[in-house]
């Protein structure tokens with residue numbers, strides 16, 4: 001982290017009723033739809049920026065008016081059965097809560113009556129700056145996002161800005177917020193990013209592995225009952241020629257039987273970092289009694305959830321570029337602007353997919369039904385599986401209904417992966433807990449292509465093609481020229 | 001690494017015929033046995049200390065007289081069939097070559113006619129200083145060791161002192177030495193060390209994982225044909241209730257079959273770091289065509305090899321303390337000084353063991369029979385398996401022959417591990433390549449207890465008992481008081 005975040009801040013602001021945030025009514029021009037925003041600056045009790053460690057990170061701790069009492073009185077309004085049980089976790093720390101999945105999850109949990117704190121170093125925004133990329137959808141600052149949410153709903157989200165690789169910062173966040181559950185999205189989450197050059201490969205593994213180790217130590221030290229909900233990836237399993245189970249497989253070998261961790265075959269330094277995390281977490285569950293749920297998530301698509309749709313300031317990011325864009329989001333943008341859908345290689349690569357509305361459901365289900373002390377539980381978090389060719393066909397068909405003429409072309413595969421393979425991954429545990437999946441064929445029209453079309457004037461076609469090669473990654477640090 | 005190695009050095013010495021090393025004849029008082037040492041300071045052609053990066057590490061590059069021509073002319077004198085085949089690797093970089101296994105291996109390979117370079121940051125010596133520990137056997141500086149070896153045999157070993165986590169340093173070492181094979185012992189290798197406190201846990205994973213990533217990138221960038229021989233550990237497998245295979249297991253599941261990486265269940269942050277390495281290396285073999293052999297080594301015992309026995313200055317380290325001491329070495333020291341053998345818990349913990357003379361054989365066999373490009377080969381490197389109780393019984397019996405009255409006592413197990421379990425691990429691949437194992441019952445008398453007795457006056461009994469608890473590890477950095 002240090003090598004990417006060399007800026008530091010020694011600013012200290014201590015304000016009673018005056019928020020650090022730009023007063024909400026100054027942003028009103030951005031609020032064009034759906035809801036009136038009520039500015040309530042006087043509700044902020046404490047906002048401070050303080051330097052945690054020189055040259056490392058700084059933290060913003062914005063504690064809004066939501067006292068624990070106020071929030072917990074709202075908890076029973078949550079739709080989930082857990083919300084009415086006082087023994088279930090109520091205070092959820094969302095690490096990486098400014099990111100694509102994290103932001104949607106933070107709002108969803110807040111809406112369901114949980115008390116939510118976001119912990120984020122905002123480095124995802126820095127990656128865009130450094131690589132010259134941008135979300136298709138315009139996204140607001142985390143400060144404005146949280147302010148807007150408060151104005152719309154009356155619900156507060158606490159904000160801790162800093163780096164979880166900085167254990168001092170993380171400790172203070174834990175001691176201050178006292179989470180009952182931690183949802184950990186706070187990792188570098190792009191496979192292509194991890195394959196740009198040596199320094200990004202090293203950064204990805206160091207940032208992800210050490211950050212997660214720190215979270216485990218923070219739970220052990222400060223909140224031993226806290227339930228860790230960790231985002232893994234279906235990519236940890238690779239593409240074995242046998243069915244993929246949920247985390248474990250029972251093997252009979254030479255007449256003896258054991259249930260063991262499912263073998264991992266990750267195919268980028270990013271995916272590998274998640275494999276490392278899984279092993280580390282499993283060990284701490286056994287050795288320390290940590291309670292953990294590993295959500296091996298498939299490829300997420302879509303941008304709108306019930307909460308992010310409430311106001312443009314709450315709008316989620318939508319990545320379509322060759323580094324951070326997931327396959328389906330990219331295809332929708334390509335379809336919207338008349339760019340051929342770029343299928344890598346033969347297109348037989350098959351993966352699990354899910355709507356971001358299901359991501360937020362799954363995380364809430366995991367929190368509401370926590371793992372037992374010492375349990376390392378693995379859920380495969382996706383709803384449908386498709387090959388890339390099938391995705392392209394679905395986008396083509398949906399595009400036709402909207403009057404789009406969608407073409408597809410194969411481009412050389414920048415990755416090293418099987419392009420034709422068996423793939424059958426189990427994903428029943430979250431359904432058993434109550435997941436009601438959204439189906440891609442519906443979402444394509446109501447939550448994907450229409451968004452891509454709405455913002456098509458913001459598309460930068462230079463960002464679409466793959467620029468990172470699995471085989472050509474070198475040690476020289478890559479820079480982006482304008 | 002940076003947090004433990006904050007010293008830096010800006011010294012630059014450029015000497016023609018004058019070595020940085022203390023002239024050899026000044027050390028002569030230490031050379032009391034076996035061989036006359038011939039001092040040949042004029043043979044050093046180039047020795048320089050140069051700062052690679054501020055605040056990180058510094059490198060000493062000592063290129064001794066051994067020209068490639070000279071060394072390769074000796075190669076055919078090596079006993080192994082490979083040595084006479086010019087296509088086999090001749091230049092071997094031993095990372096961690098100042099450590100317990102690394103030093104013995106470097107000398108063995110040099111003796112067999114390979115051109116050897118040692119790459120080491122000497123941090124193992126710093127660990128001893130910081131924790132107040134010491135080897136039972138007195139060990140010389142790496143500079144004197146190499147000098148002595150040169151004097152005794154005429155064989156040169158190049159020395160690069162620096163940190164492989166510093167890619168600039170590692171790159172220069174690769175470009176300068178141009179290895180055909182890299183033997184990678186350069187990791188923090190103690191499970192208890194990794195469980196002392198959070199900072200050591202993080203250090204262990206960061207140091208080991210990033211160091212290995214750097215080695216992989218260096219091979220890809222500078223020496224793509226170079227064979228990586230990486231030291232793993234049998235501890236990666238844990239203690240499954242089925243037979244342990246060598247790296248892979250063929251699984252038939254729901255009517256389909258695949259051969260997959262053997263599931264890993266490591267039980268310390270150290271063992272986990274090796275699991276992470278294994279996954280990273282496997283990926284680069286597939287993606288980049290790296291050729292790699294992972295030696296999943298058992299617990300090593302013994303101190304003498306043919307080469308280290310040649311002179312006291314060459315003597316290897318012998319750790320018996322609760323942090324770095326392996327079980328059998330510790331038992332021998334306990335037997336020698338009349339301390340009860342400390343069996344952790346029930347003593348049914350069963351592991352693979354091997355004599356250090358077999359470690360050096362195995363590494364040479366791996367180098368002489370390299371993996372193919374793109375192959376990730378795993379050998380289980382041990383010769384016999386014992387429970388801790390069986391070890392204690394063997395030491396007791398051998399002690400009796402030497403007139404020792406050896407007692408055994410159970411102490412609370414500081415680790416989290418099964419104390420009674422099934423254990424049957426395959427280890428045939430190295431035997432198929434020609435390994436001739438030493439048997440513990442022989443070695444106990446000729447290479448273990450006698451060494452412990454010889455140096456028993458150096459034993460610090462305070463070091464023997466376990467001081468690190470798997471369950472009590474905390475975030476506060478532990479310091480050692482006198």
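Residue numbers (full-length UniProt numbering), protein chains in the order written: chain A, 1 to 482; chain B, 1 to 482.
All C-beta atoms, glycine included, are put in the ideal place defined by N, C-alpha and C.
Please read these numbers as outputs of a predicted model, since none were measured by experiment.
Unbroken alpha helix (DSSP H) runs of no fewer than 4 residues, entirely contained in the segment 332–409 of chain A, are found at 356–368, 388–401, following chain order. About 21 Å separates the Cβ atoms of residue 351 of chain A and residue 293 of chain A, ruling out a contact at the 8 Å cut-off. For residue 193 of chain B, the enclosing alpha helix (DSSP H) has its first and last residue at 191–194. Annotation note: the segment 200–247 of chain B contains no uninterrupted alpha helix (DSSP H) run of length 4 or greater. Restricting attention to alpha helix (DSSP H) runs no shorter than 4 residues, the segment 446–478 of chain A encloses them at 450–454, ordered along the chain.
Here DSSP, grouped into helix, strand and coil, assigns residue 291 of chain A to strand. In its chain, beyond the 5 residues on either side, 362, 365, 379, 381 have a beta carbon closer than 7 Å to the beta carbon of residue 430 of chain A. Partner residues in a beta bridge of residue 178 of chain B, as assigned by DSSP, do not exist. Between residue 406 of chain A and residue 335 of chain A, the C-beta gap is smaller than 8 Å, which places the two residues in contact. With the criterion set as a beta carbon lying under 8 Å from some beta carbon of chain A, the members of the segment 204–218 of chain B are 205, 206, 209, 210, 213, 214, 217, 218, in sequence order. Fewer than three pairs of CB atoms, one per stretch, sit closer than 8 Å, so the segment 156–165 of chain B makes no contact with the segment 312–321 of chain B. Apart from the 5 residues on each side of it in sequence, residue 347 of chain B sits with its Cβ closer than 6 Å to the Cβ of 388, 389 in its chain, given in chain order. A contact between stretches requires three or more CB pairs, one per stretch, nearer than 8 Å, and the segment 275–293 of chain B meets this requirement with the segment 275–282 of chain A. Between residue 344 of chain A and residue 331 of chain A, the alpha-carbon positions lie close to 12 Å from each other.
Secondary structure at residue 184 of chain B: strand, using DSSP grouped into helix, strand and coil.
With respect to residue 267 of chain A, residue 417 of chain A sits close: the two C-beta atoms are nearer than 8 Å. Ranked by Cα distance from residue 323 of chain A, the options A:312, A:414, A:257, A:394 are led by A:414. Chain order gives the chain B residues near residue 267 of chain A as 283, 286, 287, where near means a beta carbon separation below 8 Å.
Counted as a single uninterrupted DSSP element, the alpha helix (DSSP H) harbouring residue 432 of chain B occupies residues 429–432. At a cut-off of 8 Å, the C-beta of residue 421 of chain A has no neighbouring C-beta in chain B. Rounded to the nearest whole angstrom, the CA to CA distance from residue 246 of chain B to residue 259 of chain A is 18 Å. Contact between residue 253 of chain B and residue 439 of chain A does not hold, since the beta-carbon distance rounds to 28 Å and is not under 8 Å. By the Cβ criterion, the segment 305–313 of chain B is in contact with the segment 108–125 of chain B, since at least three pairs of Cβ atoms, one from each stretch, lie closer than 8 Å.
Spanning the alpha carbons of residue 408 of chain A and residue 467 of chain A requires a straight line of approximately 19 Å.
Residue contact with chain B for residue 264 of chain A: present (Cβ-Cβ distance below 8 Å to some residue of chain B).
Taking 7 Å as the Cβ-Cβ cut-off, the segment 235–251 of chain A approaches chain B at 240, 241, 242, 243, 249, 251, given in chain order. Beta-bridge annotation (DSSP): residue 122 of chain A is not paired with any residue. Taking a C-beta distance under 8 Å as the contact criterion, residue 227 of chain A and residue 367 of chain A qualify as a contact pair.
The beta-carbon of residue 470 of chain B is placed less than 8 Å from the nearest beta-carbon of chain A. Residue-level contact check: residue 369 of chain A does not touch chain B, since none of the beta carbons of chain B fall below 8 Å from its beta carbon. The criterion of a C-beta distance shorter than 8 Å is satisfied by residue 164 of chain A and residue 119 of chain A. For residue 261 of chain B, the nearest CB of chain A lies under 8 Å from its own CB, placing it at the interface with that chain.
In the three-state DSSP reduction, residue 326 of chain A falls in the coil class, being neither helix nor strand. In the three-state reduction of the DSSP assignment, residue 109 of chain A falls in the helix class, which pools H, G and I.
Taking CB atoms only, residue 389 of chain B has no neighbour in chain A less than 8 Å away.
Under the three-state reduction of DSSP output, residue 480 of chain A falls in the coil class, being neither helix nor strand.
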